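Novice: Going by our numbering, 266 is the number at position 225 of the sequence shown; the sequence numbering is gapless. From the three backbone atoms N, C-alpha and C, an ideal C-beta is built for every residue, glycine too. Bear in mind the structure is a predicted one, so any value in this text is a computation, not a measurement. Handing you a structure now.
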Amino acid sequence: MSVRGRVAPGRMTSTVLAYLALTKPRVIELLLVTAIPAMLLAHRGAVQPLLILNTLIGGMMAAAGANTLNCVADADIDKVMKRTARRPLARAAVPTRNALVLGLVLSVGSFFWLWWTTNLLSGLLAVATVAFYVFVYTLLLKRRTSQNVVWGGAAGCMPVMIGWSAITGTITWPALVMFAIIFFWTPPHTWALAMRYKEDYKAAGVPMLPAVATERQVTKHILIYTWLTVAATLVLTLATGWLYAVVALLGGVWFLAMAHQLYAGVRAGEPVKPLRLFLQSNNYLALVFCALAVDSAIALPTLF
42 MSVRGRVAPG RMTSTVLAYL ALTKPRVIEL LLVTAIPAML LAHRGAVQPL
92 LILNTLIGGM MAAAGANTLN CVADADIDKV MKRTARRPLA RAAVPTRNAL
142 VLGLVLSVGS FFWLWWTTNL LSGLLAVATV AFYVFVYTLL LKRRTSQNVV
192 WGGAAGCMPV MIGWSAITGT ITWPALVMFA IIFFWTPPHT WALAMRYKED
242 YKAAGVPMLP AVATERQVTK HILIYTWLTV AATLVLTLAT GWLYAVVALL
292 GGVWFLAMAH QLYAGVRAGE PVKPLRLFLQ SNNYLALVFC ALAVDSAIAL
342 PTLF
């Protein structure tokens, strides 16, 4: 039994978990998977633990802030969609005002943290990421165009830019190629999930591609972006060693095989499992960037 004036432990735990859920921790994992390899590639053969840690802290604050503000802006449609109906604001587990304050504090804090521990460019990139995700993707594109994920996904590409700039203080071509890898990977990854939940998007009035196009059109687009993703990973071999090149090639063949299988199944009118591509695309991206991290950390001989 709780004592008057005190919060019961169980309720406190659920409140803390609700605030944590606003930040979408599983989405933040992308930061860890891509930012660290980018930093290691930026300074091949050298590992700077403190700088990496500080960059990750600042980057996670930016991502958490952006995700929280996204929850505030999308609370109305989250209530309608079955997949998101359990999010904190959709079920009124957190006051909207508190969520807004949390998102702003995390976003502003990420700028000052990165400026203080790394450099001004990294801090500015973090602010640009939050602004783009909230204002361009969430408020402008998401409810207006079926290409929302294509352009809005650029926000998810920024961790590699922040990581690279934290080490070098600049943005050079390998960072842009890593940006392209994630940029092209995002549409097939997201559309595969949206194929599974297209009725949700229709109910919420969000024109996600699978909600407004045929399955054949969607899987064709998935196939095109999968090819572009793999091509971008192979371009990066110009700055890496043989280990990354081998993994990128073999992983690319695997990723392409899954995308072609999905497309062929739809064309043949057979039952398909797009969620499989969604789940395996996570493994593919993690595999490629983990190989990049190892390759860069031990500075294997470059191919070119």
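When the Cα of Ala-76 is compared with those of Met-199, Phe-176, Arg-138, Trp-157, which residue comes out closest?
Specialist: Closest by alpha carbon: Met-199.
Novice: Report the three-state DSSP secondary structure of Thr-211 (helix, strand or coil).
Specialist: Note: Thr-211 maps to coil in three-state DSSP.
Novice: Hey, Leu-143 and Tyr-60: beta-carbon distance below 8 Å or not?
Specialist: In contact: Leu-143 and Tyr-60 (Cβ atoms closer than 8 Å).
Novice: Label Gly-292 either buried or exposed according to how many other C-beta atoms from any shown protein chain fall within 10 Å of its C-beta, with 16 as the threshold for buried.
Specialist: Per the 10 Å Cβ criterion, buried.
Novice: Please report the Cβ distance between Leu-82 and Ser-337, rounded to the nearest whole angstrom; I am assuming they are in contact, meaning their Cβ atoms lie under 8 Å.
Specialist: Correct: roughly 4 Å between the Cβ atoms.
Novice: Taking C-alpha atoms, which residue in Ala-140, Val-201, Trp-214, Leu-110 lies nearest to Leu-180?
Specialist: Checked all of Ala-140, Val-201, Trp-214, Leu-110; the closest Cα to Leu-180 is Leu-110.
Novice: Quick one: any contact between the region 106–122 and the region 130–147, if contact means 3 or more CB pairs under 8 Å?
Specialist: Yes: the two stretches touch, three or more of their Cβ pairs being nearer than 8 Å.
Novice: Would Gly-197 pass as a contact of Lys-183 if the rule is Cβ separation under 8 Å?
Specialist: No, the pair does not count as a contact, with Cβ atoms beyond the cut-off.
Novice: Looking at the structure shown, is Arg-52 part of a helix, part of a strand, or coil, going by DSSP?
Specialist: Reduced to three states, the DSSP call for Arg-52 is helix.
Novice: I'd like to confirm the pairing. Which residues does DSSP put opposite Thr-343 in its beta bridges?
Specialist: Paired residue(s): Gly-282.
Novice: Among Ala-87, Ser-148, Leu-58, which residue has its Cα nearest to the Cα of Gly-100?
Specialist: Considering only alpha carbons, the answer is Ser-148.
Novice: For Asn-160, which of helix, strand or coil comes out of DSSP?
Specialist: Looking at Asn-160 - three-state DSSP - the assignment turns out to be coil, as it is neither helix nor strand.
Novice: Is DSSP giving Gly-197 helix, strand or coil here?
Specialist: Here Gly-197 sits in helix by DSSP.
Novice: Between Leu-73 and the ligand FAD, is there a pair consisting of the residue's CB and a ligand heavy atom that are separated by less than 7 Å?
Specialist: The ligand content of the structure shown is nil, which means the ligand FAD is not present either.
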